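A short write-up of the structure that comes next.
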Ligand code: 4NP
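Residue numbers (the numbering used here): 8 to 161.
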């Protein structure tokens, strides 16, 4: 899960995805990161923490880190929040296979619509509720996608 600061959107995406893997008994590794070093090592924004807690997810232990090329080796799916994040990740991609792992997270719920998860950083608290709502939809769709793929392999 990738955004710019790794303190607002992608920590929520990581937390909600982690919880849904657990609930659905799906083995998998989830992480989040960003491209802006300003908040490196910081916990998520307090508004993200509050929004997650309100929805039964604790993200307080997360710490912001930067995206690195090795993430393409460690992860099968790389979800970005907006078009700028897509460009940032694409710039680091080494091969077409790397790039094929990357998609806007909202495309999981609305394929091909290329909708962003807008950055709530400069807005009010309600922006974080909206972020949660979008990520809830997207991660539901990701869970269904993974379930479908794993069923095919059985
Ligand atoms: P995020 O929001 O990308 O959702 O974590 C931001 C948080 C901080 C900054 C930018 C975006 N910043 O530039 O400090």
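We treat Cβ as the ideally placed atom computed from N, Cα and C, and that holds for glycine. Since the structure is predicted, the reported quantities are computational estimates derived from the model, not experimental observations.
Backbone CA spacing between residue i and residue j [nearest angstrom]
i           : j           : result
residue 133 : residue 76  : 34 Å
residue 17  : residue 137 : 14 Å
residue 106 : residue 66  : 28 Å
residue 150 : residue 61  : 22 Å
residue 108 : residue 57  : 31 Å
residue 27  : residue 9   : 18 Å
residue 59  : residue 103 : 35 Å
residue 34  : residue 45  : 32 Å
residue 144 : residue 156 : 19 Å
residue 114 : residue 29  : 23 Å
residue 139 : residue 19  : 7 Å
residue 158 : residue 152 : 10 Å
residue 92  : residue 63  : 27 Å
Residue of the options minimising C-alpha distance to residue i
i           : options            : result
residue 130 : 151, 55, 69        : 55
residue 69  : 78, 118, 53        : 53
residue 4   : 61, 57, 101        : Because the chain in this structure spans residues 8 to 161, residue 4 falls outside the shown range and cannot be described.
residue 89  : 118, 126, 50       : 126
residue 141 : 152, 159, 122, 157 : 122
residue 43  : 95, 116, 29, 25    : 95
residue 22  : 118, 146, 120, 154 : 146
residue 87  : 48, 74, 112        : 112
residue 72  : 99, 91, 49         : 49
Backbone secondary structure at residue i - three-state DSSP
i           : result
residue 143 : helix
residue 11  : coil
residue 122 : coil
residue 86  : strand
residue 95  : helix
Beta carbon proximity, residue i to chain D, threshold 9 Å
i          : result
residue 99 : Absent here is chain D; the protein component of the structure consists of one chain.
Would you call the segment 27-41 and the segment 77-85 in contact, with 3 or more CB pairs under 8 Å? Touching, yes, given that three or more Cβ pairs across the two stretches are closer than 8 Å.
Can you list the residues near the ligand 4NP, meaning Cβ strictly closer than 7 Å to any non-hydrogen atom, in the order they appear in the chain? Applying a distance threshold of 7 Å between residue Cβ atoms and the heavy atoms of the ligand 4NP selects 10, 11, 12, 13, 14, 15, 16, 17, 41, 43, 45, 46, 52, 88, 126, 127, 128, given in chain order.
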